[in-house]
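Student: If you count the sequence shown from 1, position 90 lands on 378 in the working numbering, and the numbers rise without skipping. Backbone N, C-alpha and C define an ideal beta-carbon position, used for all residues, glycine too.
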Amino acid sequence: MKHILPVVLSLLATLSLAQSPVRLASPDGRLVFSLRLTAAAPVYRVAFGGKPLVDDSPLSLLFAENGPFGPNLTMGKPQTRTVDESYELLVGKAKTVRNHCREAVIPLLEKAGTRRQVNLAVRVYNDGVAFRYEFPQQAGWTSFTLLDEQTTFRLAGNPTAHTLFRPNFLTSHEGFYDTLPLNAIKADTLMDLPTLFDYGDKTCVAITEAALSNYAGMYLVKKDGNLMSRLSPLPTEKNGAVVKATLPHRSPWRVLMIGERIGALIESNILANLNEPSKIRDVSWIRPGKTMFPWWNGNVLPDTSFAPGNNFETAKYYIDFCAENQIEYHSVVEYGGHEWYVSDGINFQPGPHTDAAKPVPGLDMQAICDYGKQRGVGIRVWVHWQALYGRLDTVFAQYEKWGLAGLMCDFMDRDDQEMVNWQELVLQKAAEHKLHVQFHGAYKPTGMHRTYPNEFTREGTLNYENMKWNDIVTPDHDVNVSFTRMLAGATDYHLGGFRAAPRSKFKVQHTRPLMLGTRCHQLAMHVVLESYLGMVCDYPDAYRGQPGFDFLKQVPTVWDETRVPAAQIGQYLTIARRKAGDWYVGSLNNGTARTISVNLTFLPEGRYEATLYTDAPDVDQQPNHLVQQTRTVSRTDVLSLQLAAGGGHVMRLRKL
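(1) Go ahead and pull the three-state DSSP assignment for Ile-292.
(2) Check for me: the beta strand (DSSP E) holding Lys-646 runs from which residue to which?
(3) Are the CB atoms of Gln-859 and Val-767 nearer to each other than 8 Å?
(4) Assuming the contact rule is C-beta atoms closer than 8 Å, Leu-992 and His-809 should be a hit. Round their C-beta distance to whole Å, please.
(5) Please confirm whether Ile-615 and Met-580 have their CB atoms less than 8 Å apart.
(6) For Cys-610, which beta-bridge partners are listed by DSSP?
(7) Report yes if the C-beta distance between Thr-433 and Ala-552 is below 8 Å; otherwise report no.
(8) When you compare the CB positions of Pro-596 and Asn-587, do they come within less than 8 Å of one another, or not?
(9) Is Arg-851 helix, strand or coil by DSSP?
(10) Given Pro-523, which residues of its chain have a CB within under 8 Å of its CB, disregarding the five upstream and five downstream residues?
(11) Give the DSSP-derived three-state secondary structure of Thr-448 in the structure shown.
(12) Counting only the same chain and skipping the five closest in sequence on each side, list residues whose C-beta sits under 7 Å from that of Gly-660.
(13) Straight-line CA distance for Pro-741 to Glu-376?
(14) According to DSSP, simplified to helix, strand and coil, what is Ala-945?
(15) Measure the C-alpha to C-alpha separation of Pro-536 and Leu-312 and round it to an integer number of angstroms.
(16) Take Glu-548 as the anchor and find which of Asp-343, Phe-794, Leu-319, Ser-308 has the nearest alpha-carbon.
(17) Distance check for Thr-762 and Thr-430, CA to CA, integer angstroms please.
(18) Taking 8 Å as the threshold (C-beta atoms), are Ala-830 and Phe-786 in contact?
(19) Can you grab the Cα-Cα spacing for the pair Ala-881 / Leu-931, in whole Å?
(20) Could you compute how far the alpha carbon of Ile-884 sits from the alpha carbon of Gln-834?
(21) Between which two residues does the alpha helix (DSSP H) harbouring Thr-682 extend?
(22) By how many angstroms is the C-alpha of Thr-448 removed from the C-alpha of Asn-912?
(23) Taking the C-alpha atoms as reference points, what is the distance between Leu-713 and Pro-733?
(24) How far does the beta strand (DSSP E) with Phe-336 in it extend, from its first residue to its last?
(25) Beta-carbon within less than 8 Å of Ala-655's beta-carbon, same chain only, minus the 5 sequence neighbours each way: which residues are those?
(26) Please identify the residue among Lys-526, Ala-409, Asp-486 whose C-alpha is closest to the C-alpha of Ala-352.
(27) Return helix, strand or coil for Arg-318, following the three-state DSSP convention.
(28) Can you tell me whether Phe-594 is buried or exposed? The criterion is at least 16 other CB atoms within 10 Å of its CB, across all chains shown.
(29) Given this structure, state the Cα-to-Cα distance separating Lys-689 from Tyr-629, to the nearest angstrom.
(30) Would you say Ala-788 and Leu-811 are within 8 Å of each other, going by their C-beta atoms?
(31) For Leu-944, count neighbouring C-beta atoms within 10 Å of its own C-beta (all shown protein chains included) and say buried if the count is 16 or more, exposed if not.
(32) To test your reading of the DSSP string, which unbroken alpha helix (DSSP H) runs of 4 or more residues are found completely within the segment 789-876?
(33) Would you kindly report the start and end of the unbroken alpha helix (DSSP H) that includes Ala-552?
(34) Asp-780: which of Val-708, Asp-698, Thr-739 sits nearest, CA to CA?
(35) If you draw a straight line from the alpha carbon of Phe-357 to that of Glu-373, how long is it in whole angstroms?
(36) Tell me the DSSP bridge mates of His-913?
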C-alpha cells in the first residue's frame, strides 16, 4: 500500500498539470500559441508581439460515427520539442532552408462514450503558426467518415481581407480577388485559400494549408461572425462526407503565416517546412527550367516549305529556337484544336476511344524526342487528366520509352479527397518514369514540392491564357495575385507575351494575343512570380531582336535566396532573388504610375554590375519600349525607379 499511494498522487499531479492551458512560443518568443479546454470544445489563441491576433477559437470534428469530437474532453500531457534543422530544396524560392520551430503534440481524449483520442500537433515558427489533427491507432476505433471539420479562426479586430470568392467546390480557382473589411464578408460565402488579412499596422496574416495528402482541400466561410473551415465534399458520397480514412491518419496543417510586413510572408518557407522530405531518391533527372508553349500564340510559324501542324517539322522549328536561346523545354500540345494524341472527344474532353499514349497520324513522337535530345531540349506534352485516369502506368511507360521529360495535366477542377489522392498518385507514378509534372485546372500548392520535387508548377490562377479570348487580366490583377495566391507557392501564369498594347489600342485576338502592361512589367513577372517551369509562350519571331529578350533568356526559375526590399499590398512589389552569385530583381506596378525606392541592402559586401531595364518615357503609347543601362552599385545604394502605369522594372546584378 505504501507503494501505491505515491503512484496515485503522481498520476493526479500529471492529470492536473495537463488540464492547465498549453502555451507554446516561437524560437524568438514573439509568437505565442495557447490551448485550453472548455466544456464545448478545445479553444486556441495566438498572440503576436504581445498583442492578440487570434482570439478564443474552438476546434471540433463531426464524424458520421459516434457524433462530434470536441465536447467533454480531457487533455493528456503534451510532448514538446524544438525542431532546428536545415535541408536543401531542389525546386523552390530558396536552396538551403532552416526548419526552426517549437512543437507540441497534445493528446485530446473523450471522458466517456467511445473514448476516442485525437492529437493536436502544433508548431510555432518565427513566421507563423500551424496545427493539425492526428488520429493515432487505438483500440475500438479503426476508421472514420468525417462530415465536417469545424476549425475556427476568430481573428482579432477588423483587418482588410484579400480573398477569392468561389461559387462552389467545382472550380479551376481562377478569378479576381476582392478587397474588403473582414466584417463586410457575407456569411457562408466560400473563400479560397490562401486568403490574406492586412491589419494596416504592419501586421499581415495569411490563412492556408500545408501537406494536403489523403484529405479534402480546405476553404473558409464566415459563420456567426467568425471564419471557419469548410472542406471539399467527396462527389460520390450522398451523406456529405468529406474524408474517409483508416487509422492512423492525419489532416493537413492549418497554417497562419504571420509577419510585420507582407514581404516576410512572401519570403517564408513555412509551407515547405511542414512537408515531408523528398520521397524521390534519385533526383538527378529533375531539371527545372523554361518551356515554349505554342498553343498560347496560336502555333505561329514563319512562311515554310512544310505544312504546319501536329508533325515533326513544326516541333523541330520550335526545338531549334529553344536550343539557340537556352530554353530547356518545348511543349507539344495541339494544332488546329486537335490534341497531339488520338481522341474522339469534343473540345479536348476525352471520348471513349481516346488514347494519350498514341500520337495522331503524322506525328512521330519518338523522332521529336530524339531530335530534342540531340539539341539538348527536353520535350513535354499536354494531356487531359481523364485521358490518364486508370492508365497512369501504361501511358507513363510509353512516355518514358519515347524519352519525354514531363507533362502538363489539365482540367481537374476539384480538390476533394479523391482528386487530392489522384494528383499525388500522378506525382508518384511520374517520378517512377522520370517525368516532371505541371498541373493546370488545379488547386493551390501546399508545399509538396519538397516531397515531390518533380512537381514544377500549378495553375489555380486567372492568368494570361485568358488574353486569347478577353482583356480581363490587367496589371492590377498581376499585382494582387503576387500578394495572395503566390503566398502558397508556384504559380503557372502563361508568361512570355511580347506584344503589349495600350488599353485604347488593345483588341482580342486568339492568334498572336496582345498584353496589357509594359514590356518591363512582363519581364518582371518572370522574377516576381514563383514557378519552377517558366513559360516562354510567344512565337520565335516575337522574340528575335526584341529589347529585353536577353534578360528573359538569362532569368532562372529556381532560386538560392529570396528577399522583398519594397512592397505595398495591391500597389507594387519588388522582389530580389539570388542564383549562385547573381541577383535578379523585378518590380511590378499596378495601374498607377509611381516612383519607388529600392534599397540594395540585400546585397553582400562588394561592388556589383547592375544591368537595368526600365519603362521608356513613351510607354503610355509604346508599351514595348524600354531603356537598358548599366551601372556599378553596392549594398549602400538606394535606387529610385520610375514605374509607369502598368509598368515594371528588372535588373541583373553581377559581382565585380
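Tutor: The relevant details are as follows:
(1) For this step, residue 292 is matched to residue 4 along the sequence shown. Bear in mind that the predicted position of Ile-292 carries a pLDDT of just 38, short of 50, making it unreliable; the figure below should be weighed with that in mind. The DSSP-derived three-state label of Ile-292 is helix.
(2) Against the sequence shown, residue 646 aligns to sequence position 358. That run of the beta strand (DSSP E) goes 643-647.
(3) As a first step, residue 859 is located in the sequence shown; it is residue number 571 there, counting from the start. As a first step, residue 767 is located in the sequence shown; it is residue number 479 there, counting from the start. Taking the C-beta atoms as reference points, Val-767 is found nearer than 8 Å to Gln-859.
(4) Not covered by the structure: residue 992. The range shown for the chain is 289 to 944.
(5) Residue numbering aside, residue 615 sits at position 327 when the sequence shown is read from its first letter. Residue numbering aside, residue 580 sits at position 292 when the sequence shown is read from its first letter. Contact flag set, yes.
(6) Within the sequence shown, residue 610 is the residue found at index 322, counting from 1. DSSP, once it has assigned bridges, lists no residue as partnering Cys-610.
(7) Along the sequence shown, one-based indexing puts residue 433 at 145. Along the sequence shown, one-based indexing puts residue 552 at 264. No Cβ-Cβ contact shorter than 8 Å links Thr-433 with Ala-552.
(8) Here residue 596 refers to the residue found at position 308 when the sequence shown is read from its first residue. Here residue 587 refers to the residue found at position 299 when the sequence shown is read from its first residue. In contact: Pro-596 and Asn-587 (Cβ atoms closer than 8 Å).
(9) Taking the first residue of the sequence shown as position 1, residue 851 is located at position 563. Taken through DSSP and simplified to helix, strand or coil, Arg-851 comes out as strand.
(10) Taking the sequence shown and counting its residues from 1, the one referred to as residue 523 is at position 235. The residues are Arg-702, Asp-704, Glu-706.
(11) Indexing the sequence shown from 1 puts residue 448 at position 160. Thr-448: strand per DSSP, three-state reduction.
(12) As a position in the sequence shown, residue 660 is number 372, starting the count at 1. Apart from the 5 residues on each side of it in sequence, Gly-660 sits with its Cβ closer than 7 Å to the Cβ of Ile-607, His-618, Gly-666, Ile-667 in its chain, given in chain order.
(13) Counted from its first residue, the sequence shown places residue 741 at position 453. Counted from its first residue, the sequence shown places residue 376 at position 88. Put simply, the backbone Cα of Pro-741 is about 11 Å away from that of Glu-376.
(14) With the chain running from 289 to 944 in the structure shown, residue 945 is simply not present.
(15) As a first step, residue 536 is located in the sequence shown; it is residue number 248 there, counting from the start. As a first step, residue 312 is located in the sequence shown; it is residue number 24 there, counting from the start. Rounded to whole angstroms, Pro-536 to Leu-312 spans 25 Å at the Cα level.
(16) Along the sequence shown, one-based indexing puts residue 548 at 260. Residue Leu-319 is the option with its Cα nearest to Glu-548.
(17) In the sequence shown, the residue the question calls residue 430 occupies position 142. In the sequence shown, the residue the question calls residue 762 occupies position 474. The straight-line gap from Cα to Cα measures roughly 51 Å.
(18) Looking up residue 786 in the sequence shown gives position 498. Looking up residue 830 in the sequence shown gives position 542. For the 8 Å CB-CB criterion, Phe-786 and Ala-830 form a contact.
(19) Residue 881 sits at position 593 when you count from the first residue of the sequence shown. Residue 931 sits at position 643 when you count from the first residue of the sequence shown. One C-alpha to the other measures close to 6 Å.
(20) Here residue 884 is taken as the residue at index 596 of the sequence shown, counted from 1. Here residue 834 is taken as the residue at index 546 of the sequence shown, counted from 1. So the alpha carbons of these two residues sit roughly 26 Å apart.
(21) Indexing the sequence shown from 1 puts residue 682 at position 394. Going by DSSP, Thr-682 is part of the alpha helix (DSSP H) stretching over 680-690.
(22) One-based indexing of the sequence shown puts residue 912 at position 624. One-based indexing of the sequence shown puts residue 448 at position 160. When rounded, the distance between both Cα atoms is 35 Å.
(23) Residue mapping note: residue 713 aligns to position 425 of the sequence shown, counting from 1. Residue mapping note: residue 733 aligns to position 445 of the sequence shown, counting from 1. If I take the Cα positions, the gap works out to 15 Å.
(24) Within the sequence shown, residue 336 is the residue found at index 48, counting from 1. According to the DSSP assignment, Phe-336 belongs to the beta strand (DSSP E) that extends over 330-336.
(25) Within the sequence shown, numbered from 1, the residue matching residue 655 stands at position 367. Listed in chain order, the non-local C-beta contacts of Ala-655 below 8 Å within the same chain comprise Phe-600, local neighbours out to five positions each way being set aside.
(26) Translated into positions along the sequence shown, residue 352 becomes position 64. The shortest Cα separation from Ala-352 among Lys-526, Ala-409, Asp-486 belongs to Lys-526.
(27) Taking the sequence shown and counting its residues from 1, one reaches residue 318 at position 30. Assigned with DSSP and collapsed to three states, Arg-318 falls in coil, not helix or strand.
(28) As a first step, residue 594 must be located in the sequence shown, where it is residue number 306. Classification of Phe-594: exposed, given that the 10 Å Cβ count is below 16.
(29) Numbered from its first residue, the sequence shown carries residue 689 at position 401. Numbered from its first residue, the sequence shown carries residue 629 at position 341. In this structure, the straight-line span from the alpha carbon of Lys-689 to that of Tyr-629 is close to 16 Å.
(30) Taking the first residue of the sequence shown as position 1, residue 788 is located at position 500. Taking the first residue of the sequence shown as position 1, residue 811 is located at position 523. One thing to note: Ala-788 has its Cβ no nearer than 8 Å to the Cβ of Leu-811.
(31) Within the sequence shown, numbered from 1, the residue matching residue 944 stands at position 656. The residue in question, Leu-944, is exposed, as its Cβ has fewer than 16 Cβ neighbours within 10 Å.
(32) For the alpha helix (DSSP H) assignment, the uninterrupted runs of no fewer than 4 residues enclosed by the segment 789-876 are, from N- to C-terminal side, 807-816, 828-831, 837-842.
(33) Within the sequence shown, the letter at position 264 stands for residue 552. For Ala-552, the uninterrupted alpha helix (DSSP H) segment begins and ends at 550-555.
(34) Here residue 780 corresponds to residue number 492 of the sequence shown, with the count starting at 1. Restricting attention to Val-708, Asp-698, Thr-739, the CA atom closest to the CA of Asp-780 is found in Asp-698.
(35) Counted from its first residue, the sequence shown places residue 357 at position 69. Counted from its first residue, the sequence shown places residue 373 at position 85. Approximately 34 Å, taken between the alpha carbons.
(36) For the purposes of this step, residue 913 is identified with residue 625 of the sequence shown, where counting begins at 1. Looking at the DSSP assignment, His-913 forms no beta bridge with any residue, so it has no partner.
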